[in-house]
Each structure stands twice: as structure tokens, then as C-alpha cells.
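The sequence shown maps to residues 0 to 202 in numbering that gives the first Met the number 0.
Even glycine gets a Cβ: it sits at the ideal position worked out from N, Cα and C.
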Amino acid sequence: MEPPTTIAPTRDRSALEVWRRDRQPELAIMSELAGQATSQAEVDLLTRAYVLVLAGEFQAFFTDLLSDVAKTLVSALPDDVLPPLRKVLQNAIEDGHLINFRNPDTTTLQRDLVRFDFQLRERLSSADRRRLRRLDEVIRTRNKLAHATATVAELGPGGARLTPATVDEWRRDLDQLVTILNKAVASDLRTRLSVTVPFEEST
0 MEPPTTIAPT
10 RDRSALEVWR
20 RDRQPELAIM
30 SELAGQATSQ
40 AEVDLLTRAY
50 VLVLAGEFQA
60 FFTDLLSDVA
70 KTLVSALPDD
80 VLPPLRKVLQ
90 NAIEDGHLIN
100 FRNPDTTTLQ
110 RDLVRFDFQL
120 RERLSSADRR
130 RLRRLDEVIR
140 TRNKLAHATA
150 TVAELGPGGA
160 RLTPATVDEW
170 RRDLDQLVTI
180 LNKAVASDLR
190 TRLSVTVPFE
200 EST
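What follows is the structure in C-alpha cells.
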């Protein structure tokens, strides 16, 4: 999957904060543009772009989340660990994530999180796992639009035309999945490793 072409992560903020501050508004703009199109050709073009941006923004969020995890683990090291060594350790933790080379589908998320002994499916409810299936649907559609001969005209529910309204529904599910993943990963780190988790939302 191509690197996201959207706003670069702002790493003084958590992945969830960047999603809400930068990524959600960009997706809202894509939705608005697609909804304002005046011809079918325009609608189809903007719907296609909307899907690609949605997948890219989610990929960027998950990359940021893994960086949050790495920073949290390094911050839990004893105070006498020198900054250069902390940097080396953080780079080592972040090196080789599949999300840097593969689409952000369920398999990629699971394989990256299992490096931290986090079992993705086991930590999510059945409703949350439904949102993972939605993610996979988005990524399959994204791949067909980006690499195959399929068009918007045949990628909607039941083989119908894909519309901005359908992508809006997908976006709502992924928006919820972002919050769910952030909460689950943060809670796991705090409970299992007894570390302070800066990116955990207060309740």
C-alpha cells in the first residue's frame, strides 16, 4: 500500500489525538466533496478518492499507535538508561512493523500487535470484531480500486454502485475502531506490564 499522502503524524500528540484533530476533518472534507458532486462521473471519481484516503488515514493511525506503544515501553525503563540507548531501543521496537509494507487489514494488525503479546481478536467483543471485518471490506475495496480493473460502479453492497453514503458508513465504523484499538492496547499495557500509558484516555 502506498504511503499516506495526508498530514504527517504530529508525534507530540497521541495517535488518537492526531486522528481526531487532523484525520477526521480530512475525511469529512472528502465526504462533503463527494456529496456535492453534480455529475455521476464526478461522484464516482470522488467516491474512489474517498475510499483511498480512508484506507490511508487508518494506516497512518495504526502506525502512530505502534509508535505510541514503543514510546510507552521505553519511558518505563529505569531512569539510569541513557537517552541514546533509549533511542536505539525505541527504534528496535518499531523496526520491521508489517504496517510499513502491507495494507492495514486484520492480519497485519494482528501480526504487528502480537509482537507486544497482544492478542487482537481475543481482546475484542463480537461487535468490535465486526468492525474489524468492516476494515477488511474497506481494504479489499481499496485494493480493487487501486490495482485492479474494478470500478466504483460495481463495488457497492450486492454489486451495486458504491456511493459516498456507503463510504460514510464505513468511516463511522473505522472511527469507532480507532477508539476501540487505542483503549484496548492502552489498557493491556497498563494492566499487564504495570506501566503508565500516556496515550490512554481518561474515563
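(1) Would you identify the three-state DSSP class for N181, choosing helix, strand or coil?
(2) According to the Cβ coordinates, are S30 and P163 closer than 8 angstroms?
(3) Please report the Cβ distance between V42 and E25, rounded to the nearest whole angstrom; I am assuming they are in contact, meaning their Cβ atoms lie under 8 angstroms.
(4) Along the chain, where does the alpha helix (DSSP H) containing E93 start, and where does it finish?
(5) Taking just the CA atoms, how far does L123 sit from A147?
(6) Out of L76, I28, F61 and L176, which one is the CA nearest neighbour of L45?
(7) Could you check whether the segment 73 to 86 touches the segment 97 to 117, counting it as contact only if at least three pairs of C-beta atoms, one from each stretch, sit closer than 8 angstroms?
(8) Which of helix, strand or coil does DSSP assign to T190?
(9) So, is the C-beta of L15 closer than 8 angstroms to a C-beta in chain D?
(10) Do D63 and A14 have their beta-carbon atoms positioned less than 8 angstroms apart in this structure?
(11) Given this structure, state the Cα-to-Cα distance separating N90 from L154, to the nearest angstrom.
(12) Alpha carbon to alpha carbon, how far is L188 from A48? Give it in angstroms, no decimals.
(13) So, for A75: in the same chain, excluding its five sequence neighbours on each side, which residues have a beta-carbon less than 8 angstroms away from its beta-carbon?
(14) Let me know the alpha helix (DSSP H) ranges lying completely inside the segment 95 to 154, each 4 residues or longer, listed in chain order.
(15) With a 10 Å radius around its C-beta and 16 neighbouring C-beta atoms as the bar for buried, classify S125 as buried or exposed.
(16) Rounded to the nearest angstrom, what separates E199 and A59 at their Cα positions?
(17) If distances are taken between C-alpha atoms only, which option among V166, V177, S66 and I92 comes closest to R128?
So, to answer that:
(1) helix
(2) yes
(3) Between E25 and V42 the Cβ distance is about 19 angstroms, and since that is not below 8 angstroms, they are no contact.
(4) P82 to E93
(5) 32 angstroms
(6) I28
(7) no
(8) helix
(9) Checking the listed chains, one finds no chain D in this structure; it contains a single protein chain.
(10) yes
(11) 40 angstroms
(12) 36 angstroms
(13) L192, V194 and T195
(14) 105 to 112, 119 to 122 and 125 to 146
(15) exposed
(16) 18 angstroms
(17) V177
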